[in-house]
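Residue numbers (our numbering): 23 to 325.
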Ligand SMILES: [Zn+2]
């Protein structure tokens with residue numbers, strides 16, 4: 023990994039996740055970058071049109087547009103813009119911060135929220151020693167950090183943050199789409215500051231002891247809402263799961279409750295649940311995601 027000199031702090035990748043939008047504006051107005059003179063920090067509100075519309079996206083989820091092939095593809099024009107709108111936008115952002123693979127920006131922090139109880143969820147898309155130490159540092163520094171990754175599900179990632187070789191995504195919740203909440207704002211600010219402090223200390227060789235390993239929740243699947251014979255949703259997430267943070271579910275545990283009040287149970291390997299009843303995933307009928315807690319070894323070569 024080359025030395026980290028340039029950092030982008032990104033909000034509004036999803037236009038109805040206001041915490042990141044206002045956090046970026048706040049950092050900009052307060053010139054908080056002055057606290058980190060060793061980095062050239064820039065700010066980006068990634069999808070201003072979606073922010074204006076108070077929607078996650080206009081035509082395509084922007085945070086699914088950053089695979090190399092999609093960044094290189096020719097897009098058809100519609101009215102005055104390339105379509106899907108967000109794919110064209112992703113290509114512009116890639117020119118601005120990237121290009122992916124040889125990016126101008128060394129480190130991206132992308133700020134998100136969830137409608138579910140994800141606590142301070144830090145998402146990493148690489149499990150090299152740098153990112154594992156980042157994960158361990160954030161868990162050690164902030165009380166409610168849970169690290170997740172889907173790196174094992176993807177050979178090449180589609181997140182905005184994948185433009186740079188390093189970075190992380192913060193996802194706090196529960197918070198309703200299009201709203202602000204003081205706790206979520208504070209959690210986001212804390213994660214942002216701790217992430218920058220980690221990079222500073224990593225490069226100064228002044229990290230505290232981080233232990234031998236770090237626990238990371240690794241995604242391995244999704245559960246969809248049960249559908250009736252007409253293809254319509256016929257059950258809610260079971261009330262016992264609502265607002266739970268990463269509960270462990272085992273074979274036979276309650277999973278859904280049909281509109282008739284019958285319980286549908288879980289049939290599968292023991293797993294932790296995340297994004298339980300996430301509003302942003304209803305368009306895909308996704309009711310929750312499955313993950314396993316895994317321990318990753320930390321090598322202490324820098325200390
Ligand atoms: Zn988001």
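Yeah, the Cβ is synthetic: ideal placement off N, Cα and C, and Gly gets one too. Keep in mind that this is a model prediction, so the values were computed, not measured.
- If you keep only unbroken alpha helix (DSSP H) runs of at least 4 residues inside the region 97-147, you get 107-119.
- If you draw a straight line from the Cα of residue 254 to the Cα of residue 282, it comes to about 14 Å.
- Taking 7 Å as the cut-off, the beta carbon of residue 173 is found no closer than this to the beta carbon of residue 131.
- For residue 246, same chain residues with a beta-carbon under 7 Å away, outside a window of 5 residues either side, are 307, 308, 309 in chain order.
- Residue 70 sits in a helix when the DSSP states are folded into three classes.
- Boundaries of the beta strand (DSSP E) around residue 310: 308-319.
- When distances are taken from the beta-carbon of residue 294 to the heavy atoms of ligand 1, even the shortest one reaches 6 Å or more.
- Between the region 48-57 and the region 120-128 there are fewer than three inter-stretch CB-CB distances shorter than 8 Å, so the stretches are not counted as touching.
- Apart from the 5 residues on each side of it in sequence, residue 158 sits with its Cβ closer than 7 Å to the Cβ of 232, 233, 236, 320 in its chain, given in chain order.
- DSSP places residue 151 within a helical segment (H, G or I) once states are collapsed to three.
- With contacts defined by Cβ atoms closer than 7 Å, residue 136 and residue 81 do not form a contacting pair.
- Restricted to the region 264-305, the beta strand (DSSP E) segments that are unbroken, complete and at least 3 residues in length are 276-280, 285-287, 293-296, listed in chain order.
- With 16 or more other CB atoms across the displayed protein chains lying within 10 angstroms of its CB, residue 197 is buried.
- Nearest in C-alpha terms to residue 170, of all of 322, 24, 312, is 312.
- For residue 217, the closest C-alpha among the options 41, 67, 61, 34 is that of 61.
- Taken atom to atom, the span from the alpha-carbon of residue 107 to that of residue 230 is near 44 Å.
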